[in-house]
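Participant:
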């Protein structure tokens, strides 16, 4: 098999066929249940010991679809923003549209942060998968030209928040990749 | 396996799964299209088979028709005979109109000139004769043998009255005689023309407008008939029918009602007898039947040619359907194989995907 570059679009969509698209909502809800339990118990070993089962999820493929939910949401918002090259002020003249746009930026940060939190929960037990997800996030940041300056147009707090998330992506990734190299 | 190797394995496997998914989707799509094609082809085959059944029926009908058509073998002769008779009749009508036309052109001039001249000559002649006869009569009555200028002086008052009365009587008589002679000349000329036409076309007879209308002659021919019956051009509107049986105005000086009531003097030969009419009806009916039979025979001949073509098409479509069916089956089997490969790949990386231990087995 020849060497291939990891494609975000490919890996994130693996397992999504028409049937799974129909079930996407129930899969996502199942994954969210797990997240809430894990957050509560702070350790996945505890979660594994509970009686939780994935009612809507039958296969690993379905699980993969659910796990990639945050990234897909984030990517769709990024697609919109990068298409207009982040020119928020000049692109939208009405306040309503401007607010809508700022909302999209906040959603991106929200999903990115949520994904990082999730990665944090299993990065010890499933380091390879966590690293792969971080690689995907980094690819998307690079591809869509996500910069802290874009968020400065919203507010200083937003800018600082964005900066902290971007730093967190980088630091977590380096941490995990070093771990993999060392193992 | 080292950490980085595992990471690469995870990514590689996910890409492989993606390729398998793509192939499965492609095969499923192809199978779906093939199934639609199979359904369409089955419909086409059904239609073609129905057409073949129709063609078979047409061939059978044609065979039956070709047997039946022999019954009418004599019809061609009868139709020819009828057509000759009709053609002959129409030709005569045409000649007859020309005859009428030339007659009326000549007679108009002659009758007009003759009436005036005759009147004058007859009037003078009669006047002279009556005057001489009156003078002689008066002489006899008064008992003197001398003539007019000598007897005038000797006449009495009563004699003068007799002369005046006689003169008036003579004038009336001469006018009446002039009219009668003129009319007789016209009638004789008309009878002469009638005789000429009768010698040419046979006996003339009166027929109603309706009878004439139902003949297959043109309105011009009917107009000719009117001419002959009235002895002059119509002085009101004349209506007739064209070839498409639409009513049209022929001549604007004969009104419709008058035309429909008028009886026409027409050569009897032009009007078919009742026997002829029923014969025409029978022949026309048989002609229609022959036309229908010929149509069936022609359809049958075409159908005979179409049957092998349609059967060939059915064979081709059936062959295609089988091929598509084989493709669907082969795709199904390939998808099954890919599903199995896919399951193995997922199994190989499931331990690397978080929460996979929570999936119900």
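Protein chains in written order, with my numbering: chain A, -18 to 164; chain B, 5 to 365. All C-beta atoms in this analysis are idealised placements derived from N, C-alpha and C, irrespective of residue type, glycine included.
#1: So does the region 294 to 302 of chain B actually touch the region 35 to 46 of chain B, counting three or more Cβ pairs closer than 8 Å?
#2: Along the region 49 to 60 of chain A, where does the CB come closer than 7 Å to a CB of chain B? Name the residues.
#3: Are the region 340 to 359 of chain B and the region 46 to 61 of chain B touching, with three or more C-beta to C-beta distances below 8 Å?
#4: Whole angstroms are fine: how far does the CA of residue 71 of chain B sit from the CA of residue 81 of chain B?
#5: Between which two residues does the alpha helix (DSSP H) holding residue 290 of chain B run?
#6: In the DSSP assignment, find the alpha helix (DSSP H) that holds residue 48 of chain A and state where it starts and stops.
#7: Just how far apart, CA to CA, sit residue 18 of chain B and residue 87 of chain A?
#8: In chain order, what residues of the same chain have a beta carbon less than 7 Å from the beta carbon of residue 324 of chain B, not counting five sequence neighbours either side?
#9: Please check the pair residue 14 of chain B and residue 109 of chain A, which I expect to be a contact at CB under 8 Å, by giving their CB distance rounded to whole angstroms.
#10: Just to confirm the assignment, what range does the alpha helix (DSSP H) spanning residue 39 of chain B have?
#11: For residue 30 of chain A, count neighbouring Cβ atoms within 10 angstroms of its own Cβ and tell me buried if that reaches 16, exposed if not.
#12: Which class does residue 206 of chain B belong to by DSSP, given the choice of helix, strand or coil?
#13: To the nearest angstrom, how far is the alpha carbon of residue 335 of chain B from that of residue 306 of chain B?
#14: Applying the criterion that 16 or more other CB atoms from any shown protein chain within 10 Å of the CB defines a buried residue, is residue 206 of chain B buried or exposed?
#15: Between residue 150 of chain A and chain B, is any beta-carbon pair separated by less than 8 Å?
#16: Residue 110 of chain A lies in the alpha helix (DSSP H); which residues open and close that run?
#17: Please tell me whether residue 8 of chain A has its Cβ less than 8 Å away from any Cβ of chain B.
#18: Grab me the residues of residue 360 of chain B's own chain with a C-beta within less than 6 Å of its C-beta, minus the 5 sequence neighbours each way, in chain order.
#19: Indicate whether residue 168 of chain B and residue 138 of chain B have their beta-carbon atoms separated by less than 8 Å.
#20: By Cβ distance below 6 Å, which residues in the same chain neighbour residue 317 of chain B in space, the five residues on each side in sequence not counted?
#21: Could you tell me whether the Cβ atoms of residue 147 of chain A and residue 117 of chain A are closer together than 8 Å?
#22: Can you list, in chain order, the residues of its chain whose CB lies under 7 Å from that of residue 56 of chain A, leaving out five sequence neighbours each side?
#23: CA-CA distance, residue 40 of chain B and residue 25 of chain B?
#24: Taking the alpha-carbon positions, what's the residue 209 of chain B to residue 191 of chain B distance?
#25: Under 8 Å, Cβ to Cβ, is there at least one residue of chain B near residue -18 of chain A?
#26: Which bits of chain B does residue 107 of chain A rub up against, with CB to CB less than 8 Å?
#27: Counting only C-beta atoms, is residue 342 of chain B closer than 8 Å to chain A at any point?
#28: Looking at the secondary structure, which residues open and close the alpha helix (DSSP H) in which residue 104 of chain A lies?
#29: Using CA coordinates, which residue listed in A:94, A:102 and A:80 is at the minimum distance from residue 135 of chain A?
#30: Any C-beta of chain A sitting closer than 8 Å to the C-beta of residue 37 of chain B?
#31: At the 8 Å Cβ level, is residue 14 of chain B part of the contact set with chain A, yes or no?
#32: So which residues of chain A does residue 7 of chain B contact, with C-beta pairs closer than 8 Å?
#33: Using a Cβ-Cβ cut-off of less than 9 Å, give me the residues of the region 108 to 133 of chain A that come near chain B, in sequence order.
#34: Drop a sphere of 10 angstroms on the beta-carbon of residue 302 of chain B, count the other beta-carbons inside from all chains shown, and report buried for 16 or more, exposed for fewer.
Facilitator: Once the coordinates are examined:
#1: As far as the Cβ criterion goes, the region 294 to 302 of chain B does not touch the region 35 to 46 of chain B, which means the pair count is below three.
#2: Listed by position along the chain: nothing, the set is empty.
#3: They do not touch, by the three-pair rule.
#4: Using only the alpha carbons, I get a separation of about 19 Å.
#5: 278 to 353
#6: 41 to 48
#7: 30 Å
#8: 45
#9: 5 Å
#10: Looking at the DSSP string, the run of the alpha helix (DSSP H) that includes residue 39 of chain B is 7 to 72.
#11: Legend: pLDDT at residue 30 of chain A = 48, less than 50; position of this residue unreliable, value from coordinates given subsequently. With fewer than 16 other Cβ atoms within 10 Å, it is exposed.
#12: coil
#13: 43 Å
#14: By the neighbour-count rule (16 or more Cβ atoms within 10 Å), residue 206 of chain B is not buried but exposed.
#15: Residue contact check for residue 150 of chain A against chain B: no CB pair falls below 8 Å.
#16: 108 to 124
#17: no
#18: Around residue 360 of chain B: 354.
#19: no
#20: These residues qualify, in order along the chain: 52.
#21: no
#22: 121
#23: Counting only the Cα atoms, residue 25 of chain B lies some 22 Å from residue 40 of chain B.
#24: 17 Å
#25: Reliability of the predicted coordinates at residue -18 of chain A is poor, the pLDDT of 39 falling under 50, and the value obtained from them is presented with this limitation in mind. It does: the Cβ of residue -18 of chain A has a partner Cβ on chain B nearer than 8 Å.
#26: The answer, in chain order, is 356, 357 and 358.
#27: no
#28: Per DSSP, residue 104 of chain A belongs to no alpha helix (DSSP H) and is neither H nor E.
#29: With respect to the C-alpha of residue 135 of chain A, the residue from A:94, A:102 and A:80 having the closest C-alpha is A:80.
#30: Cβ-Cβ to chain A under 8 Å: no for residue 37 of chain B.
#31: It does: the Cβ of residue 14 of chain B has a partner Cβ on chain A nearer than 8 Å.
#32: 108, 109, 160, 161, 162, 163 and 164
#33: 108, 109, 110, 111, 112, 113 and 116
#34: Its Cβ having fewer than 16 others within 10 Å, residue 302 of chain B is exposed.
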